[in-house]
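The opening residue of the sequence shown carries number 6 in my numbering; numbering runs sequentially from there. A short worksheet on the structure shown next.
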Amino acid sequence: MTDTAAANAATPPFPEQQQDVPGRTDQMDPAPDHGEESYRGSGRLEGKKAIITGGDSGIGRAVAIAFAREGADILVSYLNEDDDAAETKKWVEKAGQKCTLVAGDISDPAHCREIVQTAVSEFGTVDILVNNAAHQMTFENLEDIPDEEWQKTFATNIHAMFYLAKAALPNMGEGGSIINTASINSDQPSPTLLPYATTKGAIQNFTAGLAQLLADKKIRVNCVAPGPVWTPLIPSTMPKEAVENFGKNYPIGRPAQPAELAPPYVMLATDEASYISGATVAVTGGKPLI
Ligand code: NAD
């Protein structure tokens with residue numbers, strides 16, 4: 006375990022920290038591990054072209070680094086975190102692959118279409134679509150949740166997946182793979198994350214339905230359901246005490262590092278996963294997801 010993310014993983018309690026939404030990697034203490042020093046590729050995605058939403062930081066950055074080291078070119082979509090996006094681009098290019106950055110709000114259907122059009126004009130095709138970006142916010146009471154917050158969470162987390170998948174489909178050939186980031190909240194909703202958890206349930210259901218709809222086109226659709234992961238999402242959307250003890254109540258006793266999420270995304274993207282579609286891969290630190 007000497008050079009794996011697990012060997013270096015941080016355990017709670019974490020230092021007190023809070024950030025504004027959407028959060029920045031360089032303000033996190035300890036710094037997350039995206040596999041920069043540990044992920045080793047072996048050409049499993051040679052020649053493939055991938056779109057990764059939320060690819061600037063956290064899980065998305067770890068997936069971008071892993072995909073690039075497996076031989077894929079990457080389009081990274083993100084909201085506005087230019088520094089984080091530039092850092093991801095640096096690692097993708099260091100792996101010898103192309104990286105295109107597209108900032109903007111995926112809750113806007115026109116922006117989703119623009120993301121796909123950019124990928125097609127840069128790369129010619131889309132082989133892999135990773136729908137990974139999400140918005141969340143913590144609320145103690147139902148009456149504290151503004152209608153706009155409810156709508157924003159749905160527009161960002163689930164409506165965007167529909168717009169992106171629909172735009173990508175005509176540009177995806179046989180062997181295409183769509184991978185959606187769900188959550189343990191898909192199965193075990195956290196009451197203080199009501200809007201977010203509800204969208205995560207929808208994402209799992211959307212994945213299962215879309216997998217059946219696209220099977221005859223030989224395009225596979227799956228989701229990865231993470232448990233707690235040490236990313237900017239956490240200090241920017243969760244209360245102090247929750248950040249301090251993040252991941253403590255999971256059997257493994259700590260949150261995952263983003264690098265520990267990348268392997269299932271790689272597996273689902275490869276042609277080796279040709280019979281896996283409609284599945285949810287749980288990466289939940291020992292907490293069962295049934
Ligand atoms: P992160 O903060 O690194 O990534 C979230 C990304 O979403 C950011 O890159 C941000 O740019 C993007 N984003 C947010 N709103 C957007 C918008 N309107 N338009 C475009 N982009 C937008 O956090 P992360 O934890 O790596 O999150 C990635 C995925 O993992 C999310 O789907 C999240 O729900 C899921 N997840 C995370 C955890 C966790 O504990 N961190 C647990 C379960 C699931």
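C-beta: ideal position from N, C-alpha, C; glycine also.
Its Cα nearest to that of E21, the residue M33 stands out among G181, I70 and M33. Taking the Cα of G48 as reference, the smallest distance to any Cα among P37, P231, A73 and A124 is reached at A73. Beta-bridge pairing by DSSP links T285 to C228.
Of A77, W96 and N210, the smallest CA-CA separation from S43 is found for W96. The alpha carbon of M272 has as its nearest neighbour, out of N136, A220, V229 and P200, the alpha carbon of V229.
Classified as exposed, I295 has fewer than 16 neighbouring CB atoms from the shown chains inside 10 Å of its CB. Between the alpha carbons of E145 and K53 lies a distance of about 44 Å. With respect to the C-alpha of A11, the residue from G283, E265 and D276 having the closest C-alpha is E265. Between the region 170-181 and the region 107-126, the count of Cβ pairs shorter than 8 Å is three or higher; the stretches touch. Counting along the chain, A278 sits inside no alpha helix (DSSP H), nor does DSSP assign it H or E at all. Here A202 really is in contact with P194; their C-beta atoms are around 4 Å apart, less than 8 Å. DSSP places V271 inside the alpha helix (DSSP H), whose first and last residues are A267 to A274.
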